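>
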Amino acid sequence: KSYNLLLLLIFIISCKKSKTESEQQVRSDNSKPNIVIIYLDDLGYGDVSAYGATELETPNIDALAGEGIKFTNGYASSATCTPSRYALLTGIYPWRNEKAKILPGTAPLLIDTMQLTLPKLLKNKGYNTAIIGKWHLGLGEGMINWNGHISPGPNEVGFEESYILAATQDRVPTVYIQNGNVVGLDSEDPIEVDYLNNIDDEPTALSHPELVEMKWHHGHNNSIVNGIPRIGYMKGGESAKWSDEDMADHFLKKAQDYVASHKDNPFFLYYAMQQPHVPRTPHPRFKGKSGLGPRGDVILEADWCVGEFMKTLQKEGLLENTLIIFSSDNGPVLNDGYYDDAVEKVGRHDPMGGLRGGKYSIFEAGTRVPFITYWKGKIEPSVSDALVCQMDILSSVAELLGIKVESKEMDSTNLLNTLLGKSRQGRDHLILEATGKTALRSGDWVYIPAYAGRNFREEVGIEVGNLSEEQLYNLSEDQGQQNNLAKTNPEKLEELKSIFLKLRGE
Ligand code: NG6
Ligand code: CA
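Going by the UniProt record's numbering, the sequence shown runs without a break in its numbering and finishes at 507.
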């Protein structure tokens, strides 16, 4: 009898084994590669050594660039976070949606739950889908009860699993939310959040400056959490508050665990890191390591996270079967509201990489960002100057999986061959957006309409691009946009202007 049992056991084990072998076969034929988007927050074109940074080293991001495709004309759709993320996930230009601008932590969900999204597309194709990290696309439908189930959110627009920070590291609530529930919340100590009025007499940076450990420069003088004054007021939720210094390790661990536990089925992971957005809070392991102050330190930290994450993919045997896309949601800023030495210690480091403007700017540094595709054994290392935008990932991934995206209002362009290095052909045109302003990139040319308002935003030290006259630049000879050709090349100006107006539907 026990002999029979033993045979049965062997039979079961061998069945199991052959199943995983056949699964492996399916998994290695590359028809359904895992897809990972590693997305940084405010990382500039010049913040990566592979993109020319000389004052800091980013060996792990460099490895992706060196063994994958380094795009030199890769764009976020926008010069701020929310609209760029909206375009990345929906494939739609953010300027089509007037609500797609920097959102407070209490804003309702920006993406329509009926809308096609990148994670939905993949989920429908049998992928497991997850977001780990920064969301900043709104939650709920208005008044959020942070103590109940928070919905709709990432889980309702295609992510089966979500582990997020709601808005930004400098906005309340400063808690993690897992699948719609605040992590570690004590029901005896409920969370209240308000962006207009303080709640009871909770300490703020104005009422209790002695509690502030990171001084605010502009904005950021509401509730104080972990010694850091934030945007917005928050009360309660003490046990749920995140540790800023541990955030990078925390998200990394979640991302690694996700990979390890989903390696047997195709997965899409949107790993949305918080660095180097303010407040810059490197883990003590990285403090002072860059010599450029906390902003440089958190870039080193982020680079380390990329390396650790890649080790996990390698350890799990997934590198040959995973397409990795690395980018950033918008360009760089030094002083984004705190005195954190970013300006004082920048030295010779040029986060903009020679481009004009920065975060918030319609000039190049606002939207042109590091953009890398990597797929071991599938993508040949190269540098590509094709014009590509993060918004194009949706249609390109659809093509990879043989899905037809049928929607009139789809701005995402299928650039699969370009992203995989089989073609050098990029977009013909791209509309760029910065805090409501739009401009056109077409070939090597950029057209910026005349805009009223301040050009130089003193508080952040950035030219945002508002000039009372039209601007025309030829990037092939003027990367830094110093030479406005609008007056000397009226034909080109008219050509771009008419394309711009047509694409904008005006
Ligand atoms: C701005 C904040 C800035 C940052 C930004 C969002 C002030 C004065 N400035 O309003 O610190 O949080 O919003 O950045 O509050 S983003 O990368 O998420 O778009
Ligand atoms: Ca950002």
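C-beta: ideal position from N, C-alpha, C; glycine also.
All of these numbers come straight from a predicted model, not from anything done at the bench.
In the DSSP assignment, find the unbroken alpha helix (DSSP H) run with K71 in it and report its ends.
Looking at the DSSP string, K71 is not in any alpha helix (DSSP H); the run it does join, the beta strand (DSSP E), is 70–72.
> Take K216 and list the residues in its own chain whose beta-carbon comes closer than 7 Å to its own, dropping the five residues that flank it on each side.
Y339, Y340
> Going by beta carbon distance, what residues of the same chain come within less than 7 Å of K290, once the five residues before and after it are set aside?
Hits under 7 Å: D298, L301.
> Hey, how far is the Cα of G159 from the Cα of L166?
One C-alpha to the other measures close to 17 Å.
> Going by other Cβ atoms of all chains shown within 10 Å of its Cβ, with 16 needed for buried, is K121 buried or exposed?
buried
> Residues in its own chain within less than 7 Å of E56 by CB, not counting five upstream and five downstream?
In the same chain as E56, and ignoring 5 residues on each side of it, the C-beta atoms closer than 7 Å to its own belong to L293, G348, R349, H350, in chain order.
> Find the nearest neighbour of M248 within the set I145, R286, M235, judged by alpha-carbon distance.
R286
> Since G69 and A168 are thought to touch, with beta carbons under 8 Å apart, how far apart are those beta carbons, to the nearest angstrom?
The C-beta distance from G69 to A168 rounds to 31 Å, too long to meet the 8 Å contact threshold.
> What do you reckon, is the C-beta of C82 under 7 Å from a heavy atom of ligand 2?
yes
> Going by DSSP, which residues form a beta bridge with R458?
I463
> For R357 and Q472, what's the separation of their Cα atoms in angstroms?
13 Å
> Could you say which of W305, Q257, R369 lies nearest to L314 if we only look at CA atoms?
Closest by C-alpha distance to L314, out of W305, Q257, R369, is Q257.
> Can you check whether the CB of I363 is closer than 8 Å to the CB of A80?
yes
> Quick one, are the C-beta atoms of N475 and W446 less than 8 Å apart?
yes
> Flag this pair as yes or no: are the beta carbons of L388 and L441 separated by less than 8 Å?
No.
> Tell me the DSSP bridge mates of C390?
Y76
> Check whether the region 172–190 touches the region 108–118, counting contact only when three or more Cβ pairs, one atom from each stretch, lie closer than 8 Å.
Contact between the region 172–190 and the region 108–118 is absent, because fewer than three Cβ pairs lie under 8 Å.
> Name the residue from L41, L416, A66 whose alpha carbon lies nearest to the alpha carbon of Y271.
L41
> Where does D347 fall in DSSP's three states?
For clarity, residue 347 is Val in the given sequence; the question names Asp instead. Here V347 sits in coil by DSSP.
> What do you get for D201, buried or exposed, if any count of 16 or more other CB atoms within 10 angstroms of its CB means buried?
Counting every other CB atom within 10 Å of its CB across the protein chains shown gives D201 a total below 16, marking it as exposed.
> Who pairs with V37 in a beta bridge, going by DSSP?
Residue pairing by DSSP places V37 opposite L270, I325 in a beta bridge.
> For P230, which of helix, strand or coil comes out of DSSP?
strand
> If you draw a straight line from the C-alpha of S240 to the C-alpha of G139, how long is it?
Going by C-alpha positions, S240 is about 23 Å away from G139.
> Contact defined as beta carbons within less than 8 Å: I believe A435 pairs with V465. What is the distance between those atoms, to the nearest angstrom?
6 Å
> Where S396 and V213 are concerned, what is the direct C-alpha to C-alpha distance, given to the nearest angstrom?
46 Å
> For V213, which of helix, strand or coil comes out of DSSP?
coil
> Cβ of W243 within 8 Å of Cβ of V307?
no
> Relative to the C-alpha of G462, which candidate in P295, D250, Y361 has its C-alpha closest?
Y361
> Hey, could you find the ends of the beta strand (DSSP E) L494 is sitting in?
Counting along the chain, L494 falls outside any beta strand (DSSP E), though it belongs to the alpha helix (DSSP H) covering 491–504.
> Which residues in the same chain have their Cβ closer than 7 Å to the Cβ of D113, if we skip the five residues on either side of it in sequence?
none
> Quick one: complete alpha helix (DSSP H) runs, 4+ long, within the region 283–318?
295–316
> Using only alpha-carbon positions, find the residue among V37, I232, D265 that is nearest to L104.
Minimum Cα distance to L104 is reached at I232.
> Alpha carbons only, please: which of L253, S328, S469 is nearest the one belonging to P450?
That would be S469, whose Cα lies nearest to the Cα of P450.
> Is H278 close to ligand 4? I mean its beta-carbon at under 7 Å from any heavy atom of the ligand.
In terms of ligand content, the structure shown lacks ligand 4 and carries ligand 1 and ligand 2 instead.
> Beta carbon of W320, beta carbon of K377: below 8 Å?
Reading off the sequence, residue 320 comes out as Leu, not Trp. Yes, the pair counts as a contact, with Cβ atoms nearer than the cut-off.
> By the three-class DSSP mapping on this structure, what secondary structure does M411 have?
DSSP places M411 in coil when its eight states are reduced to three.
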